[in-house]
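Residue numbers (our numbering), protein chains in the order written: chain A, 1 to 327; chain B, 328 to 846. Virtual Cβ for every residue (Gly too), placed ideally from N, Cα, C. Below is one structure; the comments refer to it alone.
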């Protein structure tokens with residue numbers, strides 16, 4: 001199968017996923033309740049209520065609302081947020097850079113901390129420090145993010161006064177969005193939430209790397225390389241690490257997607273103005289246009305990430321390339 | 328690594344010195360939907376709106392926020408004349424005129440995309456005319472003594488910029504030609520609003536030169552931000568942090584009685600209610616809550632002092648009626664509701680329920696602070712007199728629709744008493760539901776009393792303040808006797824600040840930086 005057909009099939013799949021998602025969201029939110037009751041202020045009269053229902057098009061049967069949505073979506077119009085009276089996509093794209101930089105910072109931390117530690121733990125499984133690392137990684141899995149976040153704030157912001165407790169720092173504008181990581185103030189604000197968000201991932205990377213290394217070390221080609229007299233460093237770099245990376249890349253890719261989509265706990269503890277907080281508020285307010293648009297953005301993100309992972313896979317593992325060609 | 332640590336420390340000290348004594352950073356609970364002051368009547372929008380815009384009339388004459396009218400007179404029962412202050416100017420230097428007032432009250436009726444409209448506050452207005460640039464004549468379609476009160480909630484925007492402005496223009500700052508004490512510096516949706524003092528301002532200039540609104544919805548995060556010195560003041564302090572903040576010598580807690588009341592609304596629906604059954608779980612053939620004695624039994628079976636003290640940890644004052652003590656419309660003769668288990672049991676027996684019945688009460692999960700916890704306490708009090716009560720905590724998105732449709736046997740509502748006087752609740756919570764008259768929009772229990780409605784009508788057409796207050800007090804007596812609603816407590820307004828700052832409350836529950844002064 002050529003790459004072109006493969007890509008086309010991927011995109012077609014994505015479109016189907018988006019369609020199915022939008023139906024689920026429409027019907028689901030319809031059953032939860034009416035946004036009108038949430039949105040109206042308590043003092044508004046019955047007349048206001050009827051007017052709002054009309055204004056939002058909620059007096060139509062649900063399937064007509066859905067068809068109307070599809071028609072305008074095809075024209076590139078995803079609808080306006082009920083709450084913010086702003087186009088839903090604009091709203092999401094405004095918040096997404098904050099989430100993206102947080103998620104990537106967490107990912108980088110996970111790789112930078114997790115891979116060396118995991119490698120060490122895998123190469124020297126009996127070393128006491130390696131045991132400590134392996135055992136310690138359990139904490140990363142089991143401690144609730146919420147609690148760790150508050151702990152980080154208490155220690156580093158309140159007690160030591162080193163880092164700010166909340167919010168996003170100074171931003172600079174490039175690529176049409178506001179980014180905080182290029183500024184010192186921005187980085188200072190980024191450190192704690194990124195650590196908090198990365199904790200789970202660091203542990204996961206440690207364990208994946210460790211078990212990968214343990215598996216590969218025992219294989220014949222490593223023994224052969226050693227017998228050939230290659231330097232230990234070269235064996236680790238070319239033979240062990242490279243083969244360990246393959247499952248790691250897959251998992252990290254998926255993990256990145258879910259971090260972007262669901263960084264909500266960290267975002268709310270650190271008052272980080274990202275998309276996770278927006279989506280949570282929107283679900284609570286039954287702000288359907290935002291939820292639908294958000295899911296669309298997330299599905300697009302997932303599909304893109306998976307695509308990149310597949311490409312990386314082909315680079316890392318020649319068998320996939322050959323297998324893919326023969327299929 | 329060492330270099331990084333040093334430069335980080337250096338940066339920290341630089342930032343610390345940059346925050347001068349004239350800057351105030353305020354950590355807010357309530358988010359804003361936009362900077363368009365006429366889009367939504369939401370608490371968060373008001374907090375920001377008051378920085379930029381004044382209304383025609385005052386919400387509170389002692390409060391720190393100025394108003395545009397110098398004086399107003401009633402010419403005849405449906406005609407008002409308002410004089411605009413001579414020195415009131417827009418931030419671009421043009422004077423505030425009668426045309427701006429007329430434009431504002433016309434725009435507020437139909438702001439595209441508005442979901443919590445200000446329309447209700449101008450409903451009685453028939454016409455707004457400019458007699459001369461500084462005099463406005465407002466005619467109402469019915470005599471409305473509360474017109475100045477109503478108008479105190481509606482912000483005045485400029486005609487010359489506002490005429491072509493959309494909500495987006497307000498958010499981008501393009502349409503923020505303001506007449507309030509502050510000017511917009513920047514707005515990052517969901518994160519912060521930065522504003523600088525309007526040095527040309529016509530009223531008293533506030534103390535703070537730069538004010539930053541930070542939006543920190545999570546209560547624990549808000550407390551942490553204050554402790555870490557990220558912000559100087561926070562509002563709506565979490566009750567679970569109250570004790571430790573009081574003990575912290577770097578922080579001052581400022582708490583004052585507030586207007587917002589938590590009420591229970593028993594259902595007056597005559598049909599059998601699925602949430603009321605006999606002890607065996609079989610539906611009752613009629614709604615026992617229709618009997619005044621049953622409602623009174625439930626009312627006096629609650630130990631309010633205990634709830635305010637233990638459940639709310641002192642974050643509330645006990646309520647005997649919908650308005651708190653010392654406000655316009657509070658009836659001093661309607662005393663505290665006595666906690667009396669024996670009488671409650673006797674009343675139940677008298678009403679024909681000596682063994683009680685089973686009841687499920689409903690409360691929204693996040694919307695009203697500590698309401699689920701208070702409901703659990705109430706359920707235990709009621710169970711003690713034989714009314715076995717279960718609490719169902721429901722997300723507000725589900726709750727609001729069902730409560731509005733009168734599906735619940737016992738609904739919970741927090742009412743803000745936003746106008747600071749008694750008729751607001753009478754109109755919305757207690758009046759018999761009527762679309763034509765615009766009454767009872769949040770009367771979720773469908774309480775209906777002809778006597779109350781008559782008093783409401785009398786109060787809303789009485790121009791003499793003393794007489795109006797007497798009428799409202801009579802209405803309090805009527806509703807209390809009926810037990811039309813079960814009042815529980817009034818939430819306190821609680822701020823916390825770094826040491827050296829003082830927060831002075833306002834008779835309305837608003838939270839604005841002008842209330843904060845250095846000691």
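For residue 556 of chain B, the nearest beta carbon of chain A is closer than 8 Å to its own beta carbon. Fully enclosed beta strand (DSSP E) runs of no fewer than 3 residues occupy 172-174 and 177-179 of the region 145-179 of chain A, in order along the chain. DSSP places residue 790 of chain B outside both helix and strand once states are collapsed to three, so it counts as coil. The contact set of residue 517 of chain B on chain A, defined by CB atoms closer than 7 Å, consists of 95, 273, 277 and 278 in chain order. In the DSSP assignment, the residues bridged to residue 829 of chain B are B:844. Judged by beta-carbon spacing, residue 704 of chain B lies beyond the 8 Å limit of residue 810 of chain B, meaning their Cβ atoms are not closer than that value. 541, 542, 543, 544, 545 and 547: these are the residues of the region 531-547 of chain B whose beta carbon lies less than 8 Å from some beta carbon of chain A, given in chain order. DSSP places residue 80 of chain A in the strand class (E or B) of the three-state scheme. According to the DSSP assignment, residue 485 of chain B belongs to no alpha helix (DSSP H), since it is labelled neither H nor E.
At the C-beta level, residue 381 of chain B and residue 481 of chain B stay beyond 8 Å of one another. Looking at B:505, B:448 and B:493, the one whose alpha-carbon comes closest to that of residue 84 of chain A is B:493.
Remark: C-beta atoms of residue 271 of chain A and residue 545 of chain B approach each other more closely than 8 Å.
With its beta carbon at least 8 Å from every one in chain A, residue 604 of chain B lies outside the interface.
Residue 269 of chain A: member of the alpha helix (DSSP H) spanning 264-269, first to last residue. Look at the region 18-38 of chain A: the residues with a C-beta under 7 Å from a C-beta of chain B are 32, 33, 34, 37 and 38.
For residue 42 of chain A, there is no enclosing beta strand (DSSP E), as DSSP marks it with neither H nor E. With a threshold of 8 Å between beta carbons, residue 60 of chain A makes no contact with chain B.
With a threshold of 16 other beta carbon atoms within 10 Å, residue 763 of chain B falls short and is exposed.
With fewer than 16 other beta carbons inside 10 angstroms of its own, residue 527 of chain B counts as exposed. Contacts with chain B (Cβ-Cβ distance below 7 Å) from the region 41-66 of chain A involve 41, 42, 43, 44, 45, 46, 47, 48 and 52, listed in chain order. Take the alpha-carbon of residue 285 of chain A and the one of residue 535 of chain B: they are about 34 Å apart.
For residue 432 of chain B, the enclosing alpha helix (DSSP H) covers residues 425-434. The Cβ atoms of residue 352 of chain B and residue 558 of chain B sit closer than 8 Å to each other.
Note that the C-beta distance between residue 596 of chain B and residue 733 of chain B is below 8 Å.
The beta carbon of residue 543 of chain B sits closer than 8 Å to the beta carbons of 354, 355, 356, 549, 552, 558 and 561 from its chain, once the five residues preceding and following it are set aside; these are given in chain order.
With respect to the C-alpha of residue 687 of chain B, the residue from B:727, B:754 and B:717 having the closest C-alpha is B:717. Taking the Cα positions, residue 740 of chain B is about 17 Å away from residue 807 of chain B. For residue 217 of chain A, the CB contacts under 8 Å within the same chain, skipping 5 residues up- and downstream, are 122, 123 and 240 in chain order.
Using a Cβ-Cβ distance cut-off of 8 Å, the region 819-835 of chain B and the region 599-609 of chain B are not in contact, since fewer than three pairs of beta carbons, one from each stretch, lie closer than that value. Listed along chain B, no residue sits closer than 7 Å to residue 79 of chain A by beta-carbon distance, the nearest being about 11 Å off. When Cβ-Cβ separations below 8 Å define contact, residue 361 of chain B makes contact with chain A. For the pair residue 297 of chain A and residue 592 of chain B, the Cα-to-Cα distance works out to about 42 Å. Below the 8 Å Cβ cutoff, chain A contributes 85 as neighbours of residue 366 of chain B, in chain order.
Comparing alpha carbon positions, the residue from A:305, A:182 and A:167 closest to residue 174 of chain A is A:182. For residue 644 of chain B, same chain residues with a beta-carbon under 6 Å away, outside a window of 5 residues either side, are 584 and 817 in chain order. Taking a beta-carbon distance threshold of 8 Å, residue 168 of chain A counts as an interface residue toward chain B.
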